[in-house]
Amino acid sequence: MIDPFSYDDAMTPDGYRCSECGADGVKLWREFIIAKTNPLLCAVCVSKWAIETGRHDEPVIFDDEGFQYLGIIRTRFIGDFVPAIPTEDGRRFSGPYIIKDEAMSWWMGFKTYKRDE
Ligand SMILES: [Zn+2]
52 MIDPFSYDDA MTPDGYRCSE CGADGVKLWR EFIIAKTNPL LCAVCVSKWA IETGRHDEPV
112 IFDDEGFQYL GIIRTRFIGD FVPAIPTEDG RRFSGPYIIK DEAMSWWMGF KTYKRDE
């Protein structure tokens with residue numbers, strides 16, 4: 052569960068943390084198909100998932116805007132995962148194709164990797 056929040060907030064709401072490593076304050080990805088048990092994964096853990104499931108052969112590196120490069124294609128998608136951008140009530144997720152500007156700006160405001168601090 053993600054606590055209600057505002058896209059004006061510069062911090063991630065309670066509940067918006069990586070299901071694997073517990074990282075918060077960073078961009079997270081979610082599975083495209085939403086189910087109650089779906090994990091939220093940080094850039095490091097979603098890359099591990101992609102290797103473990105055979106989607107990618109090598110670690111995926113995302114840039115500051117949350118993009119990776121597949122050949123010449125720049126995408127925020129990775130395997131079955133898309134950016135996890137909750138609605139402000141914390142109950143649903145936006146997109147992934149139609150995302151309000153303020154929602155994307157909120158997600159973009161977070162670091163891609165903790166180690167960038
Ligand atoms: Zn993680």
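Start counting the sequence shown at 52; every next residue gets the next number (my numbering). Don't be surprised by glycine CBs; every beta carbon is placed ideally from N, CA and C. Since the structure is predicted, the reported quantities are computational estimates derived from the model, not experimental observations.
query: Hey, is Glu71 close to ligand 3, as in C-beta under 7 Å from one of its heavy atoms?
result: In the structure on display, ligand 3 does not appear, and the ligands it does have are ligand 1.
- prompt: Sorry if obvious, but does the Cβ on Ala154 come closer than 7 Å to a heavy atom of ligand 1?
  reply: Result no, Cβ not under 7 Å from ligand 1.
task: Can you check DSSP and say which residues form a bridge with Lys162?
output: According to DSSP, Lys162 bridges with Val77.
- prompt: Apart from the five residues on each side of it in sequence, which residues of its chain come closer than 7 Å, Cβ to Cβ, to Thr63?
  reply: Around Thr63, the same chain offers Asp75, Gly76, Phe161 as residues with beta carbons nearer than 7 Å, after the five sequence neighbours per side are excluded.
- prompt: When the Cα atoms are used, what is the spatial distance from Ser156 to Ser57?
  reply: So the alpha carbons of these two residues sit roughly 12 Å apart.
- prompt: Near Arg68, what residues of its chain come up, given a Cβ to Cβ distance below 8 Å and the 5 sequence neighbours on each side ignored?
  reply: Within the same chain, and ignoring the five residues on either side of Arg68 in sequence, the residues whose Cβ sits closer than 8 Å to its Cβ are Ala74, Asp75, Leu79, Leu91.
message: Closer than 7 Å to a non-hydrogen atom of ligand 1 - does that hold for the CB of Ala74?
response: Yes, since a heavy atom of ligand 1 falls inside the 7 Å radius drawn around the Cβ of Ala74.
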